[in-house]
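Under the working numbering, think of the first position of the sequence shown as 18, with each following residue one higher. Think of the CB as a built atom: it goes at the ideal place given N, C-alpha and C, for glycine as much as any other residue. On a predicted model such as this, the values are computed, not experimentally measured, just so you know. Right, one structure below, let's go through it.
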Amino acid sequence: MIYAEEREQVAYFMRRLYRQGLTTTSGGNISCRVGDGCVAITASKLDKAELAASGVGVVELDGGGNLTPELGLSIETGMHLAIYRRRPDVQAIVHAHPVTASAFCAVRGVELDTTLTAEAYALLGRPAFIPYALMGTDDLATRAAAGMGDSVCLLLENHGVLAVGDTLLAAFDRLELLEVAARHTLIVRQLGGVSPLDATKIRELDHFVGRAQS
């Protein structure tokens, strides 16, 4: 099996995503760059809770040719490929539908606040919001890739969330932390007396992680 080790890692993180309650049996997709100009990505219509390496396909980055024709590639393969083409620094992508974070993709005028904890802001920065487009379409792929800028997390309107990283672990960590930040946002709005990081602390964190100031 080509790229067996990398495909097993993709499958492992998908199983972990499901165990953490961050996606459903049929929802979400994970990918990473492999070899010379290829991407390993979860196949469609398979049980995410039991996904094996054999359920992870391989597709060419530029031509989009499926090197594993026995598998139907994820409906969002085009979005993953578009992001990889736009962002050479991105090595892995995790897309899922965690309950709380996804709720913020369907509420107008309420921001998912990543400035409530230093960890969230340091690792996530400010998520980019991507206007709605039908899932699995070229329109969504184009909007996501063009609209993300240098963000590492995306909120896809009326859809779900996406995180990128230089490793699968980094992308997974960011998506998991985005869900935690969403829960924090919801809780503090109920508690009242919100005390987010102020501008000085944000500048300090930007400098700490080597990020251009927002």
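Since residue i sits in a beta bridge, which residues does DSSP pair it with?
i	result
T59	V73
H114	Paired residue(s): none; H114 is not in a bridge.
L90	A60
A109	C49, G182
Starting from residue i, trace the alpha helix (DSSP H) both ways and give me its first and last residue.
i	result
G95	94-103
V27	21-36
F121	No alpha helix (DSSP H) contains F121, which DSSP labels as neither H nor E.
D223	216-226
Which residue from the options puts its Cα closest to that of residue i?
i	options	result
D64	G54, P86, E128, M31	M31
G209	L192, L133, A188, E67	L133
G62	I47, G52, T42, G81	The residue you asked about is not Gly; residue 62 is Lys in the sequence shown. Out of I47, G52, T42, G81, T42 has the C-alpha closest to the C-alpha of K62.
I19	R33, A70, R36	A70
T154	L186, G142, H176	H176
M96	G81, R143, L203, E87	G81
E22	R36, Y35, G72, G44	G72
L84	V56, A161, P105, A163	V56
L79	D156, A150, L173, G54	Per the sequence shown, residue 79 should be read as Asp rather than Leu. The option with the nearest alpha carbon to D79 is G54.
V226	G142, L214, V205	G142
Taking C-beta to C-beta, are residue i and residue j nearer than 9 Å?
i	j	result
C49	V27	yes
T59	Q108	no
V127	G38	no
A199	L129	yes
A135	H201	no
G182	V197	no
V111	A180	yes
L192	V178	yes
A99	A162	yes
G166	A145	yes
G44	A113	yes
Provide the residue span of the beta strand (DSSP E) that contains residue i, from first to last.
i	result
V51	46-51
| field | Ranges of the alpha helix (DSSP H) found wholly within the region 127-185, counting only runs of at least 4 | value | DSSP runs (the alpha helix (DSSP H)) wholly in the region 127-185: 135-141, 155-164.
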